[in-house]
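Taking this note's numbering, the leading residue of the sequence shown gets 1, the next gets one more, and so forth.
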Amino acid sequence: MLRLPQTVYDQLREHGEAAYPDECCGILLGTAAGEVKTVTRAVPASNASPHPHHHYEIAPIDLIHIERAATASGESILGFYHSHPDHPAHWSLTDLAEAHWIGCSYLITSVENGRASASHSFHLAGTREEDKHFQSEKIALMAAPELANAASR
Ligand SMILES: [Zn+2]
Numbered sequence: 001m002l003r004l005p006q007t008v009y010d011q012l013r014e015h016g017e018a019a020y021p022d023e024c025c026g027i028l029l030g031t032a033a034g035e036v037k038t039v040t041r042a043v044p045a046s047n048a049s050p051h052p053h054h055h056y057e058i059a060p061i062d063l064i065h066i067e068r069a070a071t072a073s074g075e076s077i078l079g080f081y082h083s084h085p086d087h088p089a090h091w092s093l094t095d096l097a098e099a100h101w102i103g104c105s106y107l108i109t110s111v112e113n114g115r116a117s118a119s120h121s122f123h124l125a126g127t128r129e130e131d132k133h134f135q136s137e138k139i140a141l142m143a144a145p146e147l148a149n150a151a152s153r
């Protein structure tokens with residue numbers, strides 16, 4: 001399960017609308033306890049792909065900077081988000097081939113005619129490249145008060 005503050009959910013969907021007709025991408029930071037990942041924030045990244053209309057790529061240097069900042073604040077990289085302009089919110093074969101963070105979440109938002117529609121999250125399961133696969137994962141939206149409780153625990 002991916003627990004996501006409503007504000008973060010809105011933010012990453014708006015990012016998808018702003019990047020339209022290109023794909024947006026970014027990184028989900030937070031803390032994990034067993035199967036439950038609790039996102040604290042999303043960090044937008046620029047799409048470094050030469051074909052941003054139907055592909056995304058987070059520049060390695062961006063990823064390194066964001067991971068360092070996350071570690072410094074006690075957070076981990078829980079997953080990644082990107083958008084599918086005028087395509088369903090489901091992973092593509094390219095998404096699977098290029099997903100290497102086993103245990104992380106890959107959240108995809110469909111943006112139709114510039115408006116965010118469905119968002120779905122997929123957990124990258126498996127133990128190594130050869131057997132990795134995506135599993136549908138529930139997104140649980142958290143309101144602000146719940147978030148404050150989670151932070152104080
Ligand atoms: Zn994709």
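Every residue gets a Cβ at the ideal spot worked out from N, C-alpha and C, and that includes glycine. All values reported here derive from a predicted model rather than from experimental measurement.
Limits of the unbroken beta strand (DSSP E) element including Ile-77: Counted from its first residue, the sequence shown places residue 77 at position 77. In the DSSP annotation of this structure, the continuous segment of the beta strand (DSSP E) that includes Ile-77 starts and ends at 76-85.
Proximity test, Ser-92 beta-carbon vs ligand 3 heavy atom, cut-off 7 angstroms: This structure simply doesn't include ligand 3; it includes ligand 1 instead.
Distance cut-off 7 angstroms: Ile-27 Cβ against heavy atoms of ligand 1: Taking the first residue of the sequence shown as position 1, residue 27 is located at position 27. Checking every heavy atom of ligand 1 against the Cβ of Ile-27, none is found closer than 7 angstroms.
Rounded C-alpha distance that separates Ile-58 from His-90: Taking the sequence shown and counting its residues from 1, one reaches residue 58 at position 58. Taking the sequence shown and counting its residues from 1, one reaches residue 90 at position 90. The alpha-carbon atoms of Ile-58 and His-90 are separated by roughly 19 angstroms.
Inter-stretch contact (C-beta, 8 angstroms, three-pair minimum) for the region 95-112 and the region 63-82: Taking a contact to require three or more Cβ pairs closer than 8 angstroms, the region 95-112 and the region 63-82 qualify as touching.
Burial state of Lys-37, where buried means 16 or more other Cβ atoms lie within 10 Å: Taking the sequence shown and counting its residues from 1, the one referred to as residue 37 is at position 37. Buried.
Cβ shell of His-82 (< 7 angstroms), same chain only, five flanking positions each side left out: As a working mapping, residue 82 is identified with position 82 in the sequence shown. Glu-23, Cys-24, Cys-25, Tyr-56 and Ile-108.
Ile-61 versus Asp-10, Ser-73 and Ser-46, residue with shortest Cα-Cα distance: Start at 1 with the first residue of the sequence shown, and residue 61 comes out as number 61. Of the listed residues, the one whose Cα sits closest to Ile-61 is Ser-46.
Beta-carbon separation (whole angstroms), Arg-13 vs Ala-116, contact threshold 8 angstroms: Taking the sequence shown and counting its residues from 1, the one referred to as residue 13 is at position 13. Taking the sequence shown and counting its residues from 1, the one referred to as residue 116 is at position 116. Right, their Cβ atoms sit about 4 angstroms apart.
Counted within 10 angstroms of its Cβ, other Cβ atoms place Leu-29 as buried (16 or more) or exposed: For this step, residue 29 is matched to residue 29 along the sequence shown. The residue in question, Leu-29, is buried, as its Cβ has 16 or more Cβ neighbours within 10 Å.
Ile-108 Cβ short of 7 angstroms to ligand 1 heavy atom set: Residue numbering aside, residue 108 sits at position 108 when the sequence shown is read from its first letter. Yes, ligand 1 has a heavy atom inside 7 angstroms of this Cβ.
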